[in-house]
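What follows is a single structure, written as structure tokens, with notes after it.
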Amino acid sequence: MNPLNPVLGTEGDFTTSPEISQVFGELLAVWLLSQWLHVGKVRKIRLVELGPGRGTLTHDILRVLSQFPSAREAVEEVHLVETSLSMRSRQEGKLVTYSQEYGWALNWHGSIDDVSPDASKYTMIVAHEFFDALPFHLIQKTQQGWQEILITSTPDPAACTVLQPSRATNLDFTTTDPTPTLSSPSTTRFRRILSPTPTPSSTLLGLSSNRFKQLPVGSQIEVSPAAFKIARRVGELVCEAGGSGVAGSALIVDYGGDRAYGNSFRAFKEHKIVDVFHRPGECDLTTNVDFAYLKEATADLALSLGPLSQAAFLTRMGLPSRVEALKKSASSQERGDAIEKAAQRLVDPTRMGAEYKIMAMTGRRDIEPNIQERWPFVDGL
43 MNPLNPVLGT EGDFTTSPEI SQVFGELLAV WLLSQWLHVG KVRKIRLVEL
93 GPGRGTLTHD ILRVLSQFPS AREAVEEVHL VETSLSMRSR QEGKLVTYSQ
143 EYGWALNWHG SIDDVSPDAS KYTMIVAHEF FDALPFHLIQ KTQQGWQEIL
193 ITSTPDPAAC TVLQPSRATN LDFTTTDPTP TLSSPSTTRF RRILSPTPTP
243 SSTLLGLSSN RFKQLPVGSQ IEVSPAAFKI ARRVGELVCE AGGSGVAGSA
293 LIVDYGGDRA YGNSFRAFKE HKIVDVFHRP GECDLTTNVD FAYLKEATAD
343 LALSLGPLSQ AAFLTRMGLP SRVEALKKSA SSQERGDAIE KAAQRLVDPT
393 RMGAEYKIMA MTGRRDIEPN IQERWPFVDG L
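As numbered in my numbering, the sequence shown has no gaps in its residue numbers, which increase by one up to the final residue, 423.
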């Protein structure tokens with residue numbers, strides 16, 4: 043992450059659920075804790091977060107775990123998958139108190155592949171707004187098969203403003219002056235084009251799910267092989283070696299649903315949606331997550347639950363009662379009102395409550411988990 047272009051919080055491009063209300067992280071922690079209790083709390087705990095941002099979600103989860111003596115004694119390690127050195131520094135500042143007070147080891151990794159399976163520990167994994175930011179391919183079904191939609195650049199003398207590439211290479215955006223410039227005969231704009239024939243990537247991705255094979259000619263879908271690979275790694279970490287048994291549990295929170303999307307690619311800048319080609323490197327780029335694709339990636343490894351809407355998950359996990367408790371202990375009426383308002387944003391049925399989905403993974407068991415073990419991922423409510 044470029045420290046000169048923050049994407050989190052009020053000064054950035056978007057505000058995430060953990061930054062809005064502590065209740066979000068607390069209720070995710072309660073679910074993870076319940077799963078550890080269901081398997082008998084016989085193993086030490088390690089917490090893994092993918093893309094931890096400022097460290098707020100991990101902080102809130104650790105705060106909950108620290109309040110239960112058995113869990114507090116069981117926690118040994120915290121693993122943060124983060125590539126940005128500036129964000130690692132912020133995360134360390136947020137979490138170092140827990141490390142110093144309880145002796146929990148803080149570890150950073152550039153990839154989830156660096157987090158090794160550990161049969162001696164119960165692995166809790168959270169991925170909040172992580173999968174939506176992964177690279178993807180946009181492919182279209184034609185009479186020739188699946189072809190790839192690519193990006194090209196063309197001169198556009200009629201454009202009013204453009205993004206000026208560096209002189210180093212035609213598409214090198216390392217220029218020190220990111221300010222849009224007035225159009226000229228040499229200015230460049232970007233557009234999508236269809237590959238003339240199927241590419242190796244488009245062909246393989248089109249075959250990667252039986253769902254895609256059923257789509258009619260003309261269909262476009264966004265497919266992320268990176269998401270498939272990382273989801274599979276999550277499955278490997280929560281299941282016993284050999285694919286049978288529970289070694290952990292995971293929660294994935296993101297935009298999307300239980301289906302493929304074809305036109306969800308968008309960019310955010312200063313809390314507004316902008317053109318995806320606007321100021322490359324300075325905007326938050328996102329696509330909806332195909333949760334069904336993540337399930338397919340782990341079908342032989344993990345038991346997948348959901349996805350549920352964020353509103354349903356948080357409400358069933360006790361958001362109303364937790365908010366009331368926080369309001370009663372608030373220092374003022376104004377503070378209590380702010381707590382309630384923030385929590386309501388999380389479950390707003392017209393915004394975050396419906397837009398975000400939550401899916402869980404646990405290792406497979408010999409017997410089907412009962413309703414209590416599946417909660418809140420139950421049907422018919």
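Glycine included, every Cβ here is placed at the ideal spot set by N, Cα and C.
The model shown is predicted, which means the values in this text are computed figures rather than measured ones.
Same chain only: Cβ atoms within 7 Å of residue i, ignoring 5 sequence neighbours per side
{"i": "P94", "result": "T100, L122, E124, Q133"}
{"i": "M359", "result": "L69, V72, W73, P418"}
{"i": "Q36", "result": "Examination of residue 36 is not possible in this model, given that the chain is present from 43 through 423 alone."}
{"i": "D300", "result": "F333, A334, P349"}
{"i": "P177", "result": "S266, A268"}
{"i": "T245", "result": "G187, W188"}
{"i": "S260", "result": "Sequence check: residue 260 is Gly here, not Ser. Within the same chain, G260 has close Cβ partners K183."}
{"i": "C325", "result": "D55, A309, F310, K311, V316"}
{"i": "G395", "result": "S351, Q352, A353, L388, V389"}
{"i": "T357", "result": "V389"}
Opposing strand residues paired with residue i [DSSP bridges]
{"i": "F419", "result": "None; F419 has no bridge partner."}
{"i": "Y144", "result": "For Y144, which the question treats as bridged, DSSP gives no partner whatsoever."}
{"i": "N149", "result": "H121"}
{"i": "M129", "result": "In the DSSP output, where bridge partners are listed per residue, M129 has none listed."}
{"i": "V90", "result": "H121, I167"}
{"i": "K83", "result": "K83 pairs with nothing; no bridge assigned."}
{"i": "D326", "result": "F310"}
{"i": "V316", "result": "A309"}
{"i": "I263", "result": "I181"}
{"i": "L192", "result": "I235"}
{"i": "G67", "result": "Per DSSP, none; premise fails for G67."}
{"i": "G187", "result": "T184"}
Endpoints, the alpha helix (DSSP H) within which residue i is located
{"i": "S351", "result": "Premise fails: S351 lies in the beta strand (DSSP E), 344 to 351, not in any alpha helix (DSSP H)."}
{"i": "M273", "result": "Note that residue 273 is Ala in the sequence shown, not Met. That run of the alpha helix (DSSP H) goes 267 to 280."}
{"i": "T98", "result": "98 to 108"}
{"i": "L180", "result": "Careful: L180 lies outside any alpha helix (DSSP H), inside the beta strand (DSSP E) at 179 to 184."}
{"i": "S158", "result": "Neither: S158 is in no alpha helix (DSSP H) and is coded neither H nor E."}
{"i": "E338", "result": "333 to 339"}
{"i": "E115", "result": "111 to 116"}
Extent of the continuous beta strand (DSSP E) run through residue i
{"i": "M403", "result": "398 to 405"}
{"i": "F310", "result": "308 to 311"}
{"i": "S59", "result": "Taken as a continuous stretch (DSSP letters only), S59 belongs to no beta strand (DSSP E), being part of the alpha helix (DSSP H) at 59 to 62."}
{"i": "Y297", "result": "290 to 299"}
Residues near residue i by beta carbon distance below 6 Å, same chain, minus five either side
{"i": "S346", "result": "K337, M403"}
{"i": "R209", "result": "Residue placement at R209 is poorly supported in this model, since its pLDDT is 35, which falls under 50; the coordinates are not used for a value here."}
{"i": "S226", "result": "The pLDDT assigned to S226 is 38, lower than 50, so where the model puts this residue is not dependable; a value taken from the coordinates is nonetheless given after this. Excluding residues within five positions, none has a Cβ falling inside 6 Å."}
{"i": "N330", "result": "Y297, G298, Y303, S306"}
{"i": "V25", "result": "In the structure as shown, the chain begins at 43 and stops at 423. Residue 25 is therefore absent and cannot be evaluated."}
{"i": "L36", "result": "Residue 36 lies beyond the stretch modelled for the chain, which goes from 43 to 423, so this question has no answer here."}
{"i": "V106", "result": "E68, A71"}
{"i": "R364", "result": "V65"}
{"i": "F232", "result": "I193, S195, F319"}
{"i": "Q414", "result": "none"}
{"i": "P411", "result": "none"}
{"i": "V81", "result": "V288"}
Burial state of residue i (16 or more Cβ within 10 Å)
{"i": "D174", "result": "buried"}
{"i": "E190", "result": "buried"}
{"i": "N44", "result": "Residue confidence is low: N44 scores 48 on pLDDT, short of 50, so the model does not pin down where it sits. Its coordinate-derived value is still stated next. Exposed: under 16 other Cβ atoms inside 10 Å."}
{"i": "S251", "result": "buried"}
{"i": "L79", "result": "exposed"}
{"i": "L127", "result": "exposed"}
{"i": "Q182", "result": "buried"}
{"i": "H313", "result": "exposed"}
{"i": "E115", "result": "exposed"}
{"i": "S59", "result": "buried"}
{"i": "R85", "result": "buried"}
{"i": "T218", "result": "Reliability fails at T218, whose pLDDT of 33 lies under 50, so the model's placement of it is uncertain and the value that follows must be treated cautiously. So T218 ends up on the exposed side."}
{"i": "T340", "result": "buried"}
{"i": "G97", "result": "buried"}
{"i": "S153", "result": "exposed"}
{"i": "G277", "result": "buried"}
{"i": "R274", "result": "buried"}
Cβ neighbours of residue i in the same chain (closer than 8 Å, five flanking residues each side left out)
{"i": "V138", "result": "L148"}
{"i": "E282", "result": "A161, V288, A289, G405"}
{"i": "K255", "result": "G248, L249"}
{"i": "Y398", "result": "S59, V295, D296, Y297, S351, Q352"}
{"i": "S237", "result": "Q189, E190, I191, L192, S244"}
{"i": "R130", "result": "L122, E124, W150"}
Notebook entry, point to check: Considering only residues of the region 358 to 395, which uninterrupted alpha helix (DSSP H) runs meet the minimum length of 4 residues and lie entirely inside it, listed in chain order?
Noted result: 361 to 370, 375 to 389
Note to self: Please give the ranges of any beta strand (DSSP E) in the region 228 to 253, keeping only runs that are unbroken, at least 3 residues long and fully inside the region.
What the structure shows: 230 to 236
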